[in-house]
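Counting from 239, one number per residue, gives the positions in the first sequence under my numbering. Ideal Cβ positions, reconstructed from N, Cα and C, are used throughout, including at glycine. Worksheet for the structure shown next.
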Amino acid sequence: MKISVYNSLNKQLEELSPVRENEVKMYSCGPTVYNYAHIGNMRSFLFADLVQRVLRVVGKYDVSWVMNITDIDDKTIRDSAKNSPAWLNDMGEQTDEPKDNLKKLTEFYQDSFLDDIGKLGIDVEHFFALPCATDFIDEMQELIRKIHKNGYAYISEGSVYFDVNKWRKDDVYGKLFKIDFDNFRAGSRVDSDEYEKENASDFVLWKALKENEPFWEFEIDGVSCPGRPGWHIECSAMEYELFGLPFDIHTGGIDLKFPHHEDEIAQSKAGYGIEPTKYWLHNEFLEVEGEKMSKSAGNFFTLRDLESKGIDPLDIRFSMLSAHYSTKFNFTFQGIESAKKARKRVQDFIYDLLESDNKDGDNVDVEKVKLNIFEELANDFHTPKALAGLFGLINSTNPKSVSESSRIELLALMNDINHIFGIWDFGERPIEIIDIPAEITELAAQRWNAKAERNFQLADELRKAIDEKGYIIKDTKTEYEIIKK
RNA sequence: GGUGAUGUAGCCAAGUGGCCAGGCAGCGGUCUGCAAAACCGUCUACGGUGGUUCGAAUCCACUCAUCACCUCCA
């Protein structure tokens, strides 16, 4: 099925037409590994995952998905510096070698990142590569030399800058983000590094060495410039090395449109002479209970924070998929609760289908439903409409009274849908085994006896007592079950 | 100052001119001694004002409110 995507480059819905037929190369801006990922990061990763899954399952494309890991930047340097308060014991002992400390810190958070995305249902097997910036230093340097050779970069006090004004004479700067150069808040952010830029809109390609910071040797135009890469250059270099240019899809958070992605386009074209990406896809931000998420507001959550509150990461995944990626997502605890129940309803539907053995029940037009759901997904990844279609099916279908052929078809459909949503189980219905305190089982047994003696008043009192202690009794004809609230 | 958004029922969230979004909660019912779960049914909203139109949440104007981004934050 043809996939349509909203391309930030021209602000239009476009039918996806990859560089090579049947093959999609997709690059996603990944994490800077200086801390645990927060739910805002997760939305971006989950969006990228959704895109690549829809391309595979609905579009039948062969997808090569790359997500970079930024393991060298101001924050990783800051937090890995000697005697940094951000250093954790689990990272090991700090040494006098800045690069070594940097590695220890970034590897620690890289592991936690992989851990987190795994819990969110992102399958590491789906990645073509998860490259680290520091593994591409040579390639970045090569690109910087090319940009300089082509006349779009200058060296100043050991750093190398991209000359935006020069570039603007030959090409467009502002492809993703309309920039009013006359009103550019020039110098509004004072760079504490005190680098010497010629122009406020110029950006750094290579940063000069500072004392006690990690650095790599770099020679450019006969000048020795030990230092480290600027922020945007890693993406340009990796895309070129791993994919070749141009490639198909680039995803990222909307905040990265400018300057990160704008600069990336300029760099790649100024160095390699090729516009890097055909389709730019940006996901909107996330708010928490209607407010911007920030540490100071106390509404800043990492996945670990939420897990410790008893939230299942897959409910977060489902919750985020129930809104369209291009709208602001309002993360609320009530919303997670709502998502949990909705997800369970679908899960129960699947279990019911698996357990059903009705040989001559009703036939269901599964093909029609599948077409509808897939069309919605193919329409710029419209998960809310796809889910509406799915619930429409569930509402109109009794899984215990469908014909055997429909049952098989329905299971196949649910399985297909789950290849995208990735939140349902197709095994045996799990039997919840929980530790019930002896006190509770005793009360429950007493209640069962009271009930058998038709002493309902006592039975109700005991139910209430059990309820107050956090457990619920579910009766059937012949037995009862204790579940935790 | 510039740029880009948003405002839809108790909550979340689709919808861009006429036809049902959907989920959660609530309510009513079936079932149950009572419950729980499940299932069935139900709830009819579009910030405000004016306009265009046979008809507007949807188009236009004005207005109110909220938010984000503008050099390293997904």
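Reducing DSSP to helix, strand and coil, say where A438 ends up. Here residue 438 corresponds to residue number 200 of the first sequence, with the count starting at 1. Reduced to three states, the DSSP call for A438 is coil.
Roughly how many angstroms separate the alpha carbons of L284 and G356, rounded to a whole number? For the purposes of this step, residue 284 is identified with residue 46 of the first sequence, where counting begins at 1. For the purposes of this step, residue 356 is identified with residue 118 of the first sequence, where counting begins at 1. Roughly 11 Å separates the two Cα atoms.
For I375, tell me which candidate among F456, E719, L648 has the shortest Cα-Cα distance. Stepping through the first sequence from its first residue, residue 375 is reached at position 137. Nearest option by C-alpha distance: F456.
Using a Cβ-Cβ cut-off of 6 Å (strictly less than) and excluding sequence neighbours within five positions of D663, which residues of its own chain qualify? The residue you call residue 663 lines up with position 425 of the first sequence. None.
Give the range of the alpha helix (DSSP H) segment to which F365 is assigned. If you number the first sequence from 1, residue 365 lands on position 127. F365 -> not in any alpha helix (DSSP H); beta strand (DSSP E) instead, spanning 365-367.
Three CB pairs or more closer than 8 Å across the region 384-398 and the region 445-464: yes
With a threshold of 16 other CB atoms inside 10 Å of the CB of D486, please say whether the residue is buried or exposed. On the first sequence, residue 486 is found 248 positions in, with the first residue counted as 1. The residue in question, D486, is buried, as its Cβ has 16 or more Cβ neighbours within 10 Å.
Can the beta-carbon of V526 be found closer than 9 Å to that of F556? Here residue 526 corresponds to residue number 288 of the first sequence, with the count starting at 1. Here residue 556 corresponds to residue number 318 of the first sequence, with the count starting at 1. Contact: no.
Pick from K689, L700, D309, G509 that is closest to T714, judged by C-alpha positions: Here residue 714 refers to the residue found at position 476 when the first sequence is read from its first residue. Out of K689, L700, D309, G509, K689 has the C-alpha closest to the C-alpha of T714.
What first and last residue would you give for the beta strand (DSSP E) that runs through M264? For the purposes of this step, residue 264 is identified with residue 26 of the first sequence, where counting begins at 1. Note, M264: beta strand (DSSP E), 261-266.
Which value, in whole angstroms, describes the spacing of the CA atoms of D595 and A577? Within the first sequence, residue 595 is the residue found at index 357, counting from 1. Within the first sequence, residue 577 is the residue found at index 339, counting from 1. Their backbone Cα atoms lie some 29 Å apart in a straight line.
Enumerate in chain order the residues of its own chain whose CB-to-CB distance from N693 is below 8 Å, with the five nearest sequence positions on each side excluded. For the purposes of this step, residue 693 is taken as residue 455 along the first sequence, with counting starting at 1. For N693, where only same-chain residues beyond five positions count, there are no Cβ hits under 8 Å.
Straight-line Cα distance separating I307 from D459: What you label residue 459 is simply residue 221 of the first sequence in a count that begins at 1. What you label residue 307 is simply residue 69 of the first sequence in a count that begins at 1. The alpha-carbon atoms of D459 and I307 are separated by roughly 29 Å.
P467 bridges to which residues according to DSSP? Locating residue 467 in the first sequence gives position 229, counting from the first residue. DSSP lists W444 as partners of P467.
Outcome for A424 when other beta-carbon atoms lying within 10 angstroms are tallied against a minimum of 16: Looking up residue 424 in the first sequence gives position 186. Unreliable placement is indicated for A424, whose pLDDT of 41 sits below 50; the coordinate value is still reported in the next sentence. Counting Cβ neighbours within 10 Å, A424 comes out exposed, since fewer than 16 surround it.
S462 in three-state terms, based on DSSP: Numbered from its first residue, the first sequence carries residue 462 at position 224. It is a strand residue.
What separation, rounded to the nearest whole angstrom, lies between the Cα atoms of D312 and V262? The residue you call residue 312 lines up with position 74 of the first sequence. The residue you call residue 262 lines up with position 24 of the first sequence. Those two C-alpha atoms are separated by around 33 Å.
Which one or two residues does DSSP pair with I487 in a beta bridge? As a position in the first sequence, residue 487 is number 249, starting the count at 1. M264, Y517.
Per the DSSP calculation, S394 is bridged to which residue(s)? As a position in the first sequence, residue 394 is number 156, starting the count at 1. Its beta-bridge partners are S397.
Quick one: using the 10 Å Cβ neighbour count with 16 as the cut-off for buried, is M239 buried or exposed? The residue labelled residue 239 in the question sits at position 1 within the first sequence. M239 comes out exposed.
For H499, name the three-state secondary structure that DSSP assigns. Working through the first sequence from its first residue, we reach residue 499 at position 261. Three-state DSSP puts H499 in a helix.
Mind checking who N568 pairs with in its DSSP beta bridge? Along the first sequence, read from residue 1 onward, the residue named residue 568 stands at position 330. Partner(s): E525.
For M476, which residues of its own chain have a beta-carbon under 6 Å away from its beta-carbon, when the five flanking residues on both sides are left out? Here residue 476 refers to the residue found at position 238 when the first sequence is read from its first residue. If we look at M476 and ignore the five residues flanking it on each side, its Cβ neighbours are N306, P369, F374.
At what residues does the beta strand (DSSP E) containing K722 begin and finish? Residue 722 sits at position 484 when you count from the first residue of the first sequence. Here the beta strand (DSSP E) through K722 covers 718-722.
Taking the DSSP output, what are the residues bridged to R583? Position 345 of the first sequence, counting from 1, holds the residue named residue 583. Answer by DSSP bridge pairing: none, since R583 is not bridged.
Which same chain residues, not among the five before or five after L494, have their C-beta less than 8 Å away from its C-beta? Counting from one through the first sequence, the residue named residue 494 turns up at place 256. So the list reads C267, H520, once near-sequence residues are dropped.
Considering only residues of the region 595-667, which uninterrupted beta strand (DSSP E) runs meet the minimum length of 3 residues and lie entirely inside it, listed in chain order? none
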